Amino acid sequence: MATLSALKCALRQQASTESSATQPLSPTQYSAGFDVLLQGDDKIYRNFIVPQLCQSLAPLFKSRAHISLLEVGPGPKSVLGYLPIHLRQKIRRYAAFEPNSLYATSLEEWLRSKSPLPCLETTSDILQMRFAADSDTTNCVISTNQLKDEQKFDVVLFCHSMYGMKPKRKFIEHALDMLVQQPQHGLVVVFHRDGNLHLDGLVCQRTASFPTGEIHVPIHDDTLDHFTRFAAGFVMQDKDTDRAIRVEWRDLCHALGRRDGAHPDHLIFSSPNIMLAFTKQATKLSELIAQVPLANREMTVKSWQARSHYPASIVRPTEVQHAQQCVLWALANGLGLAIVGGGHSGHCIQPNVVSVDMSAFNQVHIIPSNKEGQGFGVGSNSVVVVEAGCKTSDIIRKTMEVGLTVPLGARPSVGAGLWLQGGIGHLARLHGLACDSIVGAVMISVESGQILCVGHVPRQYQPVDAIRPENETDLLWALRGAGTNFGVVVSVTFKAYTAPIYSVRNWVIPLRDSSEASLKLGDFDKYVASQLPRNYSADAYLYWEAEQLHLGVTVFESAATELPSGNPISTLTLADTFLGSNCSLEVANGVSLFNSEMYISGMHSGHGGGKTSSFKRCLFLKHIGTEDVTRILIGAIEARPSPLCYFHMLQGGGAVDDLGDDATAFGCRDWTFACVITGVWPREHDGTNISRATVQWVYNIAEQLLPLSTGAYGADLGPDPRDTALASKAFGPNRSRLAYLKKKLDPKNVLSYVCPLLNMPEQQLIILVTGEVYAGKDYCANIWTSVFNASINGGFRARTISISEVCKREYAAATGADLERLLLDRTYKEQHRPALTRFFQDQVRQRPQLPEEHFMKVVYDAADVDVLLITGMRDQAPLATFSHLVPNRRLLEVCVKSSEDRQWAHATSLEIQNNGNGKKGSEDSTVDGSNLEALDYRPSLIFRNDRSGNEAAEQFAKQYLLPFFHEDLQRLAFMVRHVPGFPQPGINFRHVLDISQKPSGLALCTSLFQTRFTGNWGKIDAMVCCEAGGFVFASALAVRINLPLVLIRQAGKLPPPTVSVVKSPSHISSSVSTTTSEDKIEMSRGLISRGAAVVVIDDVLATGNTLLAVLRLLGEVGITAKDINVMVVAEFSIHRGRERLYKNGFGGVHIQSLLVFDGA
1 MATLSALKCA LRQQASTESS ATQPLSPTQY SAGFDVLLQG DDKIYRNFIV
51 PQLCQSLAPL FKSRAHISLL EVGPGPKSVL GYLPIHLRQK IRRYAAFEPN
101 SLYATSLEEW LRSKSPLPCL ETTSDILQMR FAADSDTTNC VISTNQLKDE
151 QKFDVVLFCH SMYGMKPKRK FIEHALDMLV QQPQHGLVVV FHRDGNLHLD
201 GLVCQRTASF PTGEIHVPIH DDTLDHFTRF AAGFVMQDKD TDRAIRVEWR
251 DLCHALGRRD GAHPDHLIFS SPNIMLAFTK QATKLSELIA QVPLANREMT
301 VKSWQARSHY PASIVRPTEV QHAQQCVLWA LANGLGLAIV GGGHSGHCIQ
351 PNVVSVDMSA FNQVHIIPSN KEGQGFGVGS NSVVVVEAGC KTSDIIRKTM
401 EVGLTVPLGA RPSVGAGLWL QGGIGHLARL HGLACDSIVG AVMISVESGQ
451 ILCVGHVPRQ YQPVDAIRPE NETDLLWALR GAGTNFGVVV SVTFKAYTAP
501 IYSVRNWVIP LRDSSEASLK LGDFDKYVAS QLPRNYSADA YLYWEAEQLH
551 LGVTVFESAA TELPSGNPIS TLTLADTFLG SNCSLEVANG VSLFNSEMYI
601 SGMHSGHGGG KTSSFKRCLF LKHIGTEDVT RILIGAIEAR PSPLCYFHML
651 QGGGAVDDLG DDATAFGCRD WTFACVITGV WPREHDGTNI SRATVQWVYN
701 IAEQLLPLST GAYGADLGPD PRDTALASKA FGPNRSRLAY LKKKLDPKNV
751 LSYVCPLLNM PEQQLIILVT GEVYAGKDYC ANIWTSVFNA SINGGFRART
801 ISISEVCKRE YAAATGADLE RLLLDRTYKE QHRPALTRFF QDQVRQRPQL
851 PEEHFMKVVY DAADVDVLLI TGMRDQAPLA TFSHLVPNRR LLEVCVKSSE
901 DRQWAHATSL EIQNNGNGKK GSEDSTVDGS NLEALDYRPS LIFRNDRSGN
951 EAAEQFAKQY LLPFFHEDLQ RLAFMVRHVP GFPQPGINFR HVLDISQKPS
1001 GLALCTSLFQ TRFTGNWGKI DAMVCCEAGG FVFASALAVR INLPLVLIRQ
1051 AGKLPPPTVS VVKSPSHISS SVSTTTSEDK IEMSRGLISR GAAVVVIDDV
1101 LATGNTLLAV LRLLGEVGIT AKDINVMVVA EFSIHRGRER LYKNGFGGVH
1151 IQSLLVFDGA
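See the structure below:
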């Protein structure tokens, strides 16, 4: 499958053989070809362009009230129409350059008739001309009267590549000149097809890629003609020649395109996409290279991916202050850096990003112990200071000279990126991972730009101006397993061990078929590897050679000073029994051991003769001999796209899992084998279909193995979107802590091109604190805030804000009242309360959406916290009213109640007078807690604030609020597969039922249902569920709790007697059905007694249509709202299900959801 770029070159090459001249496309020809392109890459828009545009624009849109936007080449309608409404509402001025006259007319009509930008303050300016790279008044923006006085924009957007714009740097620079200066620099966003943009030193603020993009072109002559003209960019002037070349171009499409069974009537072309965002600082590179030396053009970069990128520049600091200057420059300009260590990482060089080559820091310093060595297997007091440019072989060679070693990885050319993120070698079972031996480091903080000394660093190797950070413990913990994310490491201090001598035994076993392969892998796993003592490790290789499948096994034995005994231990006798006695034996030291690796010395003529490129991803497995694992491995080798692909399985256990998962940032400890999926191809095929297919093969196998794994190795992972699923299983239970530390230690995301950490959603939890007057709402909210902030394991940032502050600010601005006294002086506030209340009510009458506006303002103003507690709510059903406004966050209401005596004591302590009749005033109250049932509304939780002191409130937070961040909920969320575009385009489907298809998924879900139920299971009489999703989860839960099931089905599927009600279609059903007819659901009569207490279990709550029908059905048999609890696996609050239930009289039903998602 060729790329669009390769196809374009082939089309132009074919045309160059003709003598006829060419001519540009007419507007009609251009639009016909462009339409084919747009229709063929719908997934690119949905899965890449729209999400990346939202992500790039969100911070800018959040920082200002109004946005002006210029779009270059939008086509017949702007991509802005796909943005969420809250972003589109911010756009108050829109202009576009659209040179195609047909598209310019269509765009104007689309803007006028569809109103996609509903808050525009002026008529859109659609300029039917090309966007110029200079300020020539004949063809550029300043010649246009409509824009002459307002030629600066917050955003300039190139959404459909930079078609026909050369040199592209000039056009981007001109766009940068058109950005506003204040209140914050604007943004130029460029989307480009087919690989890299070489921009001659322009530095992007942010970049993202979509390497799996594809264009699907219908196999129809006219369609192919439109498409090939557009791809080539011209037609032939001579009609006969043009007719002939079209036939040849169609043949080229058939030759270069791919067909598959899912799309038999289409030709498929690869269309990798990239996104680049630029600020005014894009031209600041000269400031850096004036202070830091440039790298040698001949520098060695092992990764073929990195070699294919065009960086803005590669600098090579030669002293610590140079590295510091790189960070200070990045911080000052809001730009990122990529770090080059060993050069193995595919993301060490990024398009139009500055890379920092650390190769000048290449010294190894050994500080021997003052004591005698304590013997092999026991850590000595010697340490080794290794600079960040060293390779593994450099370290081993240098330390061997003095009889020491460090337990590093097994590949000689890898660098610091590996040590900092794990490091799995042949001493791992004896001494642990490489990162486990790190005791200190010198690094540049990407938070402050300071030189930091972390942990144990010998005094003579501490830079003069280095400081000890306040968060040293956290930083050292994070460096040991995720270190590339938290600073530019200059040197690492390792604990050293006595250098061993190795014996190496190799078996190469030809396998007749997949059955024998499965048997041999199982024998090796069960009878050989699992029996080895710690000073042994075993590797297994599965590969194809000489038209036959092979299993290669290497057993490494290490000893301190003596060669291994000639008599093998009983374990190796077992190895001979199961693997055969025909094995080679050699003795090696730490350096020669590298050459004894089977992939170097025994397979594929020594790694393909060394002239190969490779791509790897690694997963951790408990066993490699199970039926599920062997089936995947053997099937993958048989289907390999290149004959050089193989699996390398390195043994773990031993010292690796002696440490707890949270002892270091490397949180994946529970594994027996690290399975390295290795795609290899001849180097001359870099960037071709073969290399792309091999990379995708690696990802496909990783996806298959992921559910069977205990984690993924983070050292290989980067910003490629295909790494996202793997990154979600890297670092084990440490993901949340690492994400918090990333936000804290790299707040500007300087190091964004490394293993992606879990994104901590802004305000994961929003708690609405409501209740009676003087019940102590603010007091409780402040205590709960302190509990979150003090939670060491969670690392949360929590804040309490009163929503009434928004109204007070508006009131003060309108009336001249003293804002500071309104906020801080209770007596003054009480004097203004009647007027303040009237002001708010008047404003609501004029602006009915005012409560929602106030709520969202509070949410946006606290965008930097994880937990937001909001007091001062006046709405009677705030969950039903506001939850759809924050669809990706969990919204709770906690109602604070207290006795009258407690309320009176609180009021007296605040020196507030009563109203003369012994009752407290109620002007500022929300829902009266004593009347919750009368109002047919129940909050998420009720806290009774009747005891003195903080203890009860603290205990409440720990018991009911902190568990919303429990690791098990995150595990459950990761089991819900995201399926964009299903069951039809535009729907972001979440496959909640997929939980039941994951190992231990159903057990985890039902366990969470059982433990998180806020009622009393002992008082529940029955469990109710509706087909089909509810059946899956309720059945397992009913068995666990020993409750009878009440099944609700479509009418006609249960034998009589039954009770039935009408049910409207659910959200998904209505989205795929062309009818709007209502259906009926029914349950067996007599299963539940009138007044019984029930729990309804379902998979999702979206529109609430299904649940509404279930509640009505229960009402038919005498079950009232106060006796019903509802628990769902996932809630999609954007569809306003709670609001629908509330408006239909079921607000009194208590609803709990384990997960909250946006989408469907």
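Going by my numbering, the sequence shown opens with residue 1, and the numbers climb by one from there.
We put the CB at the ideal spot given by N, CA and C, even for glycine.
Small disclaimer: the values here were computed from a predicted structure and weren't measured.
As computed with DSSP, glycine 1001 is found in no beta bridge at all. Shown here, glutamine 325 sits in a helix according to DSSP, grouped into three states. In the three-state reduction of the DSSP assignment, arginine 534 falls in the coil class, being assigned neither a helical nor a strand state.
DSSP lists Cys895 as the bridge partner or partners of threonine 770. In the DSSP assignment, glutamine 205 falls outside any alpha helix (DSSP H), carrying neither H nor E.
Fewer than three Cβ pairs drawn from the region 470-480 and the region 348-364 lie within less than 8 Å of each other, which leaves the two stretches out of contact.
Around alanine 1034, the same chain offers Met1023, Cys1025, Leu1045 and Ile1097 as residues with beta carbons nearer than 7 Å, after the five sequence neighbours per side are excluded.
With fewer than three CB-CB distances shorter than 8 Å, the region 590-609 does not count as touching the region 649-666.
With 16 or more other CB atoms across the displayed protein chains lying within 10 angstroms of its CB, threonine 212 is buried. For arginine 617, the closest alpha carbon among the candidates Ile438, Ala712, Met975 and Asp657 is that of Ala712. Threonine 1058 carries a strand assignment under DSSP once its states are collapsed to helix, strand and coil. In the three-state DSSP reduction, phenylalanine 965 falls in the helix class (H, G or I). In the structure shown, isoleucine 1119 adopts coil according to DSSP, grouped into three states.
When secondary structure is reduced to three states using DSSP, arginine 890 falls in the strand class. Under the Cβ criterion (8 Å, minimum of three pairs), the region 477-488 does not count as touching the region 510-522. In the DSSP assignment, threonine 228 falls within the alpha helix (DSSP H) that extends over 221-232. DSSP places glutamine 876 in no beta strand (DSSP E); its state is neither H nor E. The Cβ atoms of tryptophan 507 and glycine 580 lie closer than 8 Å to each other. Within 10 angstroms of the beta-carbon of valine 629 lie 16 or more other beta-carbons, which makes it buried. The beta carbons of serine 802 and leucine 879 sit about 18 Å from each other, so the pair does not count as a contact at 8 Å.
Classified as buried, tyrosine 753 has 16 or more neighbouring CB atoms from the shown chains inside 10 Å of its CB.
Rounded to the nearest angstrom, the Cβ distance from leucine 37 to isoleucine 219 is 16 Å, too far for a contact under 8 Å. Glycine 487 sits close to leucine 452, with the two beta carbons spaced by under 8 Å. With a cut-off of 8 Å on Cβ pairs, the region 284-297 is not in contact with the region 63-75, counting fewer than three such pairs. Membership of valine 492 in the beta strand (DSSP E) is indicated by the continuous run 487-495. DSSP assignment within the region 670-723 yields the following whole alpha helix (DSSP H) runs of 4 residues or more, N-terminal first: 689-705.
Taking leucine 885 as reference, the option from Pro84, Gly718, Ser491 and Asp42 with the minimal CA-CA separation is Pro84. The beta carbon of glutamine 831 is closer than 8 Å to none in its chain, skipping five residues each way along the sequence. Contact check between the region 245-263 and the region 1-16: three or more CB pairs, one atom from each, fall below 8 Å, which counts as touching.
Selection Leu120, Arg468 and Gln39 evaluated against isoleucine 268 yields Gln39 as nearest (Cα-Cα). Judged by DSSP in its simplified three-state form, glutamine 39 adopts helix.
Judged by their CB atoms, histidine 991 and arginine 977 are nearer to each other than the 8 Å cut-off. Arginine 468 carries a coil assignment under DSSP once its states are collapsed to helix, strand and coil. Within a 10 Å sphere around the beta-carbon of tyrosine 774 sit 16 or more other beta-carbons, which makes this residue buried. For the alpha helix (DSSP H) assignment, the uninterrupted runs of no fewer than 4 residues enclosed by the region 620-654 are, from N- to C-terminal side, 627-638. A residue is called buried once 16 or more other Cβ atoms fall within 10 Å of its Cβ, and alanine 862 is buried on that count.
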